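Peer 1: One structure coming up, written as structure tokens, with questions to follow.
Residue numbers (our numbering), protein chains in the order written: chain D, 15 to 137; chain Z, 20 to 203.
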């Protein structure tokens, strides 16, 4: 049921963003600025996918399959460009960029898994 | 140690995780996974911090069997803060450093792994970008237009605009024989 899945996913994104912000604040208080920025990066990734979900819902006019297709397609597109960015960084031995891209890849992986679980699981 | 080096080092040290890495390395040389385990942070995060510490001149690395070992660059830490403060910096040197930093910032923003991401719209920034590209040309050599295009295309697809702007900025000159790099 799309009426249950979408709010559940929105709650998941909001909770993750809140947790990232909390951890970021804690890390900042602990004088770990770069690691605090990593949490902000994660929060931004969740926020991007929250937006994608809301666009998917708006454009698909209540069709759950269309929502899933839109969300999965966008996720794969973004994932592919981030994999390229990571590979490029690795090729140039850019440890700093690699670390940031790895965080984005880990987060998108988690989002993919959660989306699949929520979308398929509720059916 | 120059002012810029001191600032980079101090900025780098103002992070708890990095300080803890240095504290660990003060005991003995270590590899990434060992530091990660010891400090309770992930290995990629440790690598990230080590790169920053290496750039600031605080650590060095060497290969030992299968591991890349990291060690504290003790000579850096033997410099007293008073010595750094007493180091004189003349205004021209400071200005030169500022210019170099600005230049580096522009280069970092517009180039990624040697490729030009976009042609800057601001003339001052474009000049810097074109100067970087000009370094790919040798002095005292005549290039055909095709050769010029191929060299520029290594940086950006829009070689026509860049070639024209390099002539406009007097980095390259041309006549019937071809193009050449102008000496500053």
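From the three backbone atoms N, C-alpha and C, an ideal C-beta is built for every residue, glycine too. It should be emphasised that the depicted structure is a prediction, and the values quoted were computed from it without experimental measurement.
1) So that I know if they touch, is there some Cβ in chain Z lying closer than 8 Å to that of residue 137 (chain D)?
2) Under the rule that 16 or more other beta-carbon atoms within 10 Å means buried, what is residue 114 (chain D), buried or exposed?
3) Would you say residue 59 (chain D) reaches chain Z, if we count a Cβ-Cβ gap shorter than 8 Å as a contact?
4) According to DSSP, which residues form a beta bridge with residue 197 (chain Z)?
5) Considering only C-alpha positions, which residue in the set D:89, D:82, D:97 is nearest to residue 20 (chain D)?
6) Need the endpoints of the alpha helix (DSSP H) that residue 26 (chain D) sits in, please.
7) Between residue 142 (chain Z) and residue 95 (chain D), what straight-line distance do the alpha-carbon atoms span, to the nearest angstrom?
8) Measuring only the C-alpha atoms, how far is residue 9 (chain Z) from residue 109 (chain D)?
9) For residue 174 (chain Z), does the three-state DSSP call read helix, strand or coil?
10) Quick one: does residue 43 (chain D) have its CB under 8 Å from some CB of chain Z?
11) Quick one: is residue 145 (chain Z) buried, meaning 16 or more other Cβ sit within 10 Å of its Cβ, or exposed?
12) Grab me the residues of residue 22 (chain Z)'s own chain with a C-beta within less than 6 Å of its C-beta, minus the 5 sequence neighbours each way, in chain order.
13) Excluding the 5 residues flanking residue 41 (chain Z) on each side, which residues of the same chain have their C-beta closer than 8 Å to its C-beta?
14) Rounded to the nearest angstrom, what separates residue 136 (chain D) and residue 65 (chain Z) at their Cα positions?
15) On the three-pair Cβ rule with 8 Å, is the segment 121-135 of chain D touching the segment 58-67 of chain D?
16) With a floor of 4 residues, list each alpha helix (DSSP H) that falls wholly inside the segment 26-108 of chain Z, ordered by position along the chain.
17) If the criterion is Cβ atoms closer than 8 Å, does the pair residue 151 (chain Z) and residue 139 (chain Z) meet it?
18) Check whether chain D comes within 8 Å of residue 128 (chain Z), counting only Cβ atoms and requiring the distance to be less than that.
19) What is the residue span of the alpha helix (DSSP H) that residue 127 (chain D) lies within?
20) Quick check on residue 51 (chain Z): buried or exposed, where buried means 16 or more other Cβ atoms within 10 Å of its Cβ?
21) Take every Cβ of the segment 17-35 of chain D, pair it with every Cβ of the segment 46-59 of chain D, and state whether three or more of those distances are shorter than 8 Å.
22) Could you please tell me which residues of the segment 52-76 of chain Z, in chain order, have their CB closer than 8 Å to any CB of chain D?
23) By a C-beta neighbour count over all protein chains shown, 10 Å radius and 16 as the cutoff for buried, is residue 87 (chain Z) buried or exposed?
24) Look up residue 93 (chain D) in the DSSP assignment and give the residues it is bridged to.
25) Spatial neighbours of residue 177 (chain Z) within its chain, please: CB distance less than 7 Å, with the 5 preceding and 5 following residues excluded, ordered by chain position.
26) Quick check: is the beta carbon of residue 48 (chain Z) nearer than 8 Å to any beta carbon in chain D?
Peer 2: Taking the coordinates as given:
1) Confidence at residue 137 (chain D) is low in this model, with a pLDDT of 45, below 50, so its placement is unreliable and no value can be given for it.
2) By the neighbour-count rule (16 or more Cβ atoms within 10 Å), residue 114 (chain D) is buried.
3) No, because no Cβ of chain Z sits closer than 8 Å to the Cβ of residue 59 (chain D).
4) In the DSSP output, where bridge partners are listed per residue, residue 197 (chain Z) has Z:194.
5) Closest by alpha carbon: D:82.
6) For residue 26 (chain D), the enclosing alpha helix (DSSP H) has its first and last residue at 16-43.
7) Rounded to the nearest whole angstrom, the CA to CA distance from residue 142 (chain Z) to residue 95 (chain D) is 31 Å.
8) Residue coverage of chain Z in this structure runs from 20 to 203, which leaves residue 9 (chain Z) outside it and unanswerable.
9) It is coil, neither helix nor strand.
10) Taking 8 Å as the threshold, the shortest C-beta distance from residue 43 (chain D) to chain Z does not fall below it.
11) Result: buried.
12) Within the same chain, and ignoring the five residues on either side of residue 22 (chain Z) in sequence, the residues whose Cβ sits closer than 6 Å to its Cβ are 108.
13) Spatial neighbours of residue 41 (chain Z) in its own chain (CB-CB distance under 8 Å, excluding positions within 5 residues in sequence) are listed in chain order as 32, 72, 77, 78, 91.
14) Interpretation of residue 136 (chain D) is limited by its pLDDT of 48, a score under 50 that renders its predicted location unreliable; no figure is taken from the coordinates.
15) Taking 8 Å as the limit for Cβ pairs, the verdict is that the segment 58-67 of chain D does touch the segment 121-135 of chain D.
16) Runs of the alpha helix (DSSP H) inside the segment 26-108 of chain Z: 35-46, 51-58, 62-74, 93-97, 100-105.
17) Cβ atoms of residue 151 (chain Z) and residue 139 (chain Z): not closer than 8 Å.
18) No, residue 128 (chain Z) does not count as interfacial toward chain D.
19) Where residue 127 (chain D) is concerned, the enclosing alpha helix (DSSP H) stretches over 109-135.
20) Buried, by the Cβ-count rule.
21) Cβ pair count under 8 Å is three or more, so yes.
22) From the segment 52-76 of chain Z, only 60, 63, 64, 66, 67, 68, 69, 70, 71 have a Cβ closer than 8 Å to chain D.
23) Residue 87 (chain Z) comes out exposed.
24) Paired residue(s): none; residue 93 (chain D) is not in a bridge.
25) Short of 7 Å from the beta carbon of residue 177 (chain Z), and not among the five residues preceding or following it, lie these beta carbons of its own chain, in chain order: 138.
26) So no, residue 48 (chain Z) is outside the interface.
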